[in-house]
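There are 2 protein chains.
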Amino acid sequence: MASTDKNTLHWGELAQERLTDIASCTLSGDGVTRLPFTDEHRRANGIITDWMQAAELEVAMDAAGTLIGRRVSDGPRAGMTFIMGSHQDSVRNGGRYDGIMGVALACLAVEKAMADGDEPEFSVEVHAYADEEGVRFPTALLGPRALAGTFDPAVLEMCDADGKTLRAALDGFGADADAISGLARDPAGILGYLEAHIEQGPVLERADFAVGTVTSICGIERNVITINGKTGHAGTVPMQGRRDALVVASHIISEITARAQKLEELRATFGTLKILPGAVNQIPEVVTLSLEIRSPSDGERQAFSAMAKDYAEQAALETGCHAVMNQTYVQPAQQCHQPFVDRLQSATLAVEGSELLLTSGATHDASAMAALCPMVMLFVRCRDGVSHTPEEFASSSDMGVAIQVMAKFLKSL
Amino acid sequence: MASTDKNTLHWGELAQERLTDIASCTLSGDGVTRLPFTDEHRRANGIITDWMQAAELEVAMDAAGTLIGRRVSDGPRAGMTFIMGSHQDSVRNGGRYDGIMGVALACLAVEKAMADGDEPEFSVEVHAYADEEGVRFPTALLGPRALAGTFDPAVLEMCDADGKTLRAALDGFGADADAISGLARDPAGILGYLEAHIEQGPVLERADFAVGTVTSICGIERNVITINGKTGHAGTVPMQGRRDALVVASHIISEITARAQKLEELRATFGTLKILPGAVNQIPEVVTLSLEIRSPSDGERQAFSAMAKDYAEQAALETGCHAVMNQTYVQPAQQCHQPFVDRLQSATLAVEGSELLLTSGATHDASAMAALCPMVMLFVRCRDGVSHTPEEFASSSDMGVAIQVMAKFLKSL
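From first to last, the protein sequence lines are chains A and B.
For what it's worth, our numbering labels the leading residue of the first sequence as 1, then goes sequentially.
For what it's worth, our numbering labels the leading residue of the second sequence as 1001, then goes sequentially.
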């Protein structure tokens, strides 16, 4: 269902060229490694400045290291600002699209709106946040949190692997750690936030859609399940009466996964598992496994979590073992602003002739911006649903569709 | 069904005192740590020499470090020798019974036979092997292999954690590495071998028997199952269509365990499991797990292994994954000598009024002695079925029963 309209392709190819260009701002090695407040970041900001200036935006970096392109309207709603953006940083050996594509498409959407003579009657900003991935420092979302007033100054003292504090990294980059707390915007002046991002999943590809409108960003909880059984010699202890913690874990993994598969939007993942004593000829005594649950509905997530906890405890008891499940992290779901969802749907329908709604299973800058203003996201199809690898890919035609949809969305506000 | 006959208890208490005494031959720390060819071993051999001499045995150490107590008969079968024994060494932080109890009970069985006036008409030897556990060097069963002629001289160059070769350890201990290959006995002169050992499992305790006759020593095979799936973001990849290697592993563990539980004597244990990438928010791509299978019947073990391989491959395919199962180690089962089994049963029936047959899930010195002569084992109940820990325990009354049964067995030959 991808459009190959000539105009669409032109804008998409421009995006592709720009993303190829900025992919050179990386440490050596496979794919893209661009961490915040580094030389690679500085060079990338130079290129993004060019993109912003091509869209007739005035460029400045704020105290949190966010590069901001601004076009102040002389129209009737000049005091109101609509923001588009995403992050410039990547994971280690990541791809050319995650984050930076959202910055490139935002600039091109403004550029296209201007070219089409669709000057907004409100002010427009494009943001390139320094750090969303949280790879260099054990914190992330500094830029949008500063704008939303949810920034915690304590994170400034966190260190990277070389022992350098975030404060020192910011100040050395020309940002201003002490001024970050003054960045909070007045929600009354912000119309909203739109972020385009690669889907990082296979939903659009499976359904053959170039783009999709995000209705919500999933809530996340992480749990540790610890199963205590009894070890023993793998040869001398009969099968009957064994209290094998790994066998209990396997029942839990199979059953909880099967129950999650019956739900539309919920995801349950057991990503880590450790065994004590962990020897080929010893019955597993203790198994520790992680269970991450995500859902766009906090109620659904909480109910599933309670069920998983009950099931784990019961499955352990049935084998003479003992299980406990403890939550280690929780982040509520964020709903996208319904009027924005409607407008993005309409814009997509106009460009593509059909539209698809989906949820975001991952956290984004939009998650933090939700504390400041209404927000929405536009997902762009990525090949094989993969991200965070050098193989990450979005096509020129799909990005062209996204630029058209974003420009139409801007016009509709 | 434990006997508390006064005479039985006397011999059992003597065994308990001796085992308490020799437990002082240990490195410091919890439980007993007595590795071969060390000062602890040397002190233990001094104590074992006393036990042997109390049974009127002539004591000498052979070239492999086996302490041998010998009583040459002047009876009609003086040229034939019956051997009893076990190993003197322990695991790190092990208990007071594993191995050394078999040496103590063998000495006391001979001593009791003499006290009862039951002088055998054949020669008798009690052996205390240096190393069965294989803790210090990555090899074991040196003593019985030397006697059986299955000793591989290549192991002499293996090193302990301090870089000392087995050859140097033997020679420094007063044994003689170069003379080991000359130790092989002529099978024609060996009547058989009897080893008493704690059960290391719960069968006798569950059935309330002091001792049980071993009918065979299980064969062992070890396999590595590798499951290849596809990783992805735990939030963005829908549950449907995931190729989660850990979910496949959990199906395999559950099903293979359930099938093993339906078999009387077979044991299947998944003792290790590793995940790549192994992160809380990433779908498991590769899972590697070990499957150890033990059975007294090689045919049953091989059939189960083939079934497990087929099941693993099929379960992986059903989830879009790929599994391979490779055997990394195999050791065939050893059958105990049926006439010996019958005699031990009769002796147990005479002492206890009932008898129990069981298999050995673990390897013992008897496994190696089987290559030299007919063998049989007598298992002694151990508390909670545990071994290889400081909590390892066999009661005086149970050991007393074992001594009586062994003396009766000797008389029956």
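Just so you know, even glycine gets a beta-carbon here, dropped at the ideal spot from N, CA and C.
Note that the coordinates shown come from a computational prediction; the quantities given were computed from them, not determined experimentally.
Residue range of the alpha helix (DSSP H) that includes residue i
{"i": "Gln-302 of chain A", "result": "298–318"}
{"i": "Ala-1268 of chain B", "result": "Run containing Ala-1268 of chain B: none in the alpha helix (DSSP H); it sits in the beta strand (DSSP E), 1267–1269."}
{"i": "Met-406 of chain A", "result": "396–412"}
{"i": "Met-52 of chain A", "result": "39–54"}
{"i": "Ser-1254 of chain B", "result": "1245–1261"}
{"i": "His-462 of chain A", "result": "What is shown of chain A runs 1 to 413, which leaves residue 462 of chain A out entirely."}
{"i": "Leu-1170 of chain B", "result": "1166–1172"}
{"i": "Ser-346 of chain A", "result": "338–352"}
{"i": "Ile-100 of chain A", "result": "100–115"}
{"i": "Met-239 of chain A", "result": "Taken as a continuous stretch (DSSP letters only), Met-239 of chain A belongs to no alpha helix (DSSP H), as it is neither H nor E."}
{"i": "Ala-1323 of chain B", "result": "Not the alpha helix (DSSP H): Ala-1323 of chain B falls in the beta strand (DSSP E), residues 1322–1331."}
Beta-carbon contacts of residue i that lie in its chain and below 7 angstroms, excluding the five residues immediately before and after
{"i": "Arg-1243 of chain B", "result": "Gly-1229, Lys-1230, Thr-1319, Gly-1320 and Cys-1321"}
{"i": "Arg-18 of chain A", "result": "Trp-51 and Ala-104"}
{"i": "Pro-1076 of chain B", "result": "Glu-1121"}
{"i": "Glu-1013 of chain B", "result": "Ser-1396"}
{"i": "Ala-1394 of chain B", "result": "Tyr-1097, Met-1101, Ile-1198, Val-1380, Arg-1381 and Cys-1382"}
{"i": "Leu-1141 of chain B", "result": "Glu-1132, Asp-1365 and Ala-1368"}
{"i": "Ala-1249 of chain B", "result": "Ile-1227, Leu-1273, Val-1287 and Leu-1289"}
Close Cβ partners of residue i (< 6 angstroms) along its chain, the five nearest in sequence each way excluded
{"i": "His-10 of chain A", "result": "none"}
{"i": "Ala-169 of chain A", "result": "Phe-37"}
{"i": "Thr-1139 of chain B", "result": "Val-1155 and Met-1158"}
{"i": "Ala-347 of chain A", "result": "Val-405, Lys-408 and Phe-409"}
Proximity to residue i [Cα-Cα], best of the options
{"i": "Thr-439 of chain A", "options": "A:Ser-395, A:Leu-263 and A:Val-380", "result": "The requested residue 439 of chain A does not occur in the structure, where chain A is confined to residues 1 to 413."}
{"i": "Arg-206 of chain A", "options": "A:Ala-407, A:Glu-17, A:Arg-383 and A:Cys-25", "result": "A:Arg-383"}
{"i": "Leu-1216 of chain B", "options": "B:Ala-1362, B:Ser-1396 and B:Met-1406", "result": "Note that residue 1216 of chain B is Ser in the sequence shown here, rather than Leu. That would be B:Ala-1362, whose Cα lies nearest to the Cα of Ser-1216 of chain B."}
{"i": "His-87 of chain A", "options": "A:Glu-111, A:Glu-132 and A:Glu-313", "result": "A:Glu-132"}
{"i": "Leu-1191 of chain B", "options": "B:Ser-1354, B:Val-1110, B:Thr-1081 and B:Asp-1116", "result": "B:Thr-1081"}
{"i": "Ile-252 of chain A", "options": "A:Ala-370, A:Ala-371 and A:Ser-305", "result": "A:Ser-305"}
{"i": "Ala-1407 of chain B", "options": "B:Gly-1353, B:Arg-1343 and B:Ser-1395", "result": "B:Arg-1343"}
{"i": "Gly-79 of chain A", "options": "A:Glu-125, A:Gly-149, A:Val-224 and A:Gly-385", "result": "A:Glu-125"}
{"i": "Gly-134 of chain A", "options": "A:Ile-47, A:Lys-411 and A:Val-91", "result": "A:Val-91"}
{"i": "Gly-1163 of chain B", "options": "B:Asp-1171, B:Ile-1225 and B:Arg-1136", "result": "B:Arg-1136"}
{"i": "Ile-1275 of chain B", "options": "B:Gly-1099, B:Val-1324 and B:Ala-1245", "result": "B:Ala-1245"}
{"i": "Glu-1415 of chain B", "options": "B:Met-1084, B:Pro-1296 and B:Ala-1115", "result": "Residue 1415 of chain B is absent from the structure shown; chain B starts at 1001 and stops at 1413."}
N-terminal and C-terminal residue of the beta strand (DSSP E) that residue i is part of
{"i": "Ala-128 of chain A", "result": "122–129"}
{"i": "Ala-1060 of chain B", "result": "1058–1061"}
{"i": "Phe-1379 of chain B", "result": "1375–1380"}
{"i": "Ser-86 of chain A", "result": "77–87"}
{"i": "Arg-1185 of chain B", "result": "Arg-1185 of chain B -> no beta strand (DSSP E), and no H or E assigned at all."}
{"i": "Arg-1222 of chain B", "result": "1219–1228"}
{"i": "Glu-1355 of chain B", "result": "That residue, Glu-1355 of chain B, is in no beta strand (DSSP E); it is neither H nor E in DSSP."}
{"i": "Arg-70 of chain A", "result": "67–71"}
{"i": "Ala-1276 of chain B", "result": "The question names Ala, yet the displayed sequence has Leu at residue 1276 of chain B. Its beta strand (DSSP E) spans residues 1273–1276."}
{"i": "Arg-1145 of chain B", "result": "No beta strand (DSSP E) contains Arg-1145 of chain B, which is instead part of the alpha helix (DSSP H) from 1142–1148."}
{"i": "Leu-291 of chain A", "result": "286–295"}
Close Cβ partners of residue i (< 8 angstroms) along its chain, the five nearest in sequence each way excluded
{"i": "Leu-183 of chain A", "result": "Asp-62, Ala-63, Ala-64, Ala-146, Leu-147 and Phe-151"}
{"i": "Pro-187 of chain A", "result": "Leu-372 and Cys-373"}
{"i": "Met-1 of chain A", "result": "In this prediction, Met-1 of chain A scores a pLDDT of 39, lower than 50, which makes its location untrustworthy; no coordinate-derived value is stated."}
{"i": "Gln-345 of chain A", "result": "Thr-213, Glu-355 and Leu-357"}
Contact belief for residue i with residue j at Cβ below 8 angstroms, rounded distance in angstroms
{"i": "His-41 of chain A", "j": "Ala-130 of chain A", "result": "7 angstroms"}
{"i": "Arg-34 of chain A", "j": "Asp-89 of chain A", "result": "6 angstroms"}
{"i": "Ala-234 of chain A", "j": "Ile-293 of chain A", "result": "That belief does not hold up - the Cβ atoms of Ala-234 of chain A and Ile-293 of chain A are roughly 33 angstroms apart, past 8 angstroms."}
{"i": "Val-1203 of chain B", "j": "Leu-1358 of chain B", "result": "5 angstroms"}
{"i": "Leu-1067 of chain B", "j": "Ala-1106 of chain B", "result": "With a Cβ gap of about 12 angstroms, Leu-1067 of chain B and Ala-1106 of chain B do not count as contacting."}
{"i": "Tyr-329 of chain A", "j": "Arg-222 of chain A", "result": "4 angstroms"}
{"i": "Gly-1219 of chain B", "j": "Ala-1333 of chain B", "result": "4 angstroms"}
Contact with chain D by residue i, beta-carbon distance below 8 angstroms
{"i": "Ala-1113 of chain B", "result": "Of the protein chains in the structure, A and B, none is chain D."}
Closer than 7 angstroms: residue i CB and nearest the ligand SAH heavy atom
{"i": "Gln-1334 of chain B", "result": "The ligand SAH is not part of the structure shown, which contains no ligands of any sort."}
Between the segment 266–283 of chain A and chain B, which residues of the former have CB atoms less than 9 angstroms from a CB of the latter, in chain order?
Going along the segment 266–283 of chain A in chain order, one finds Leu-266, Arg-267, Ala-268, Thr-269, Phe-270, Gly-271, Thr-272, Leu-273, Lys-274, Ile-275, Pro-277, Gly-278, Ala-279, Val-280, Asn-281, Gln-282 and Ile-283 with a Cβ nearer than 9 angstroms to chain B.
At a Cβ cut of 8 angstroms, what residues of the segment 1364–1393 of chain B count as close to chain A, listed as they run along the chain?
Contacts with chain A (Cβ-Cβ distance below 8 angstroms) from the segment 1364–1393 of chain B involve Gly-1385, Val-1386, Ser-1387 and His-1388, listed in chain order.
Please list the residues of the segment 1211–1238 of chain B that have a C-beta atom closer than 8 angstroms to any C-beta atom in chain A, keeping them in chain order.
For chain A, the residues of the segment 1211–1238 of chain B that bring a beta carbon within less than 8 angstroms of one of its beta carbons are Cys-1218, Ile-1220, Arg-1222, Gly-1232, His-1233, Ala-1234, Gly-1235, Thr-1236, Val-1237 and Pro-1238, in chain order.
When Cβ atoms are compared, which residues of the segment 195–208 of chain A fall closer than 7 angstroms to chain B?
Cβ contacts with chain B come from Glu-199, Gln-200, Gly-201, Pro-202 and Val-203.
Contact list for the segment 286–318 of chain A against chain B, Cβ threshold 7 angstroms
For the segment 286–318 of chain A, which is checked against every Cβ of chain B, the residues closer than 7 angstroms are Ser-290, Glu-292 and Arg-294.
Cβ-based contacts, 9 angstroms cut-off: residues of the segment 84–104 of chain A near chain B:
Cβ contacts with chain B come from no residue of the segment 84–104 of chain A.
Using a beta-carbon distance cut-off of less than 9 angstroms, what residues from the segment 243–254 of chain A approach chain B?
Cβ contacts with chain B: Asp-244, Leu-246, Val-247, Ala-249, Ser-250, His-251, Ile-252, Ile-253 and Ser-254.
Taking a cut of 7 angstroms between CB atoms, which residues from the segment 1335–1366 of chain B lie near chain A?
Those residues of the segment 1335–1366 of chain B that come within reach of chain A (Cβ to Cβ, closer than 7 angstroms) are Gly-1361 and Ala-1362.
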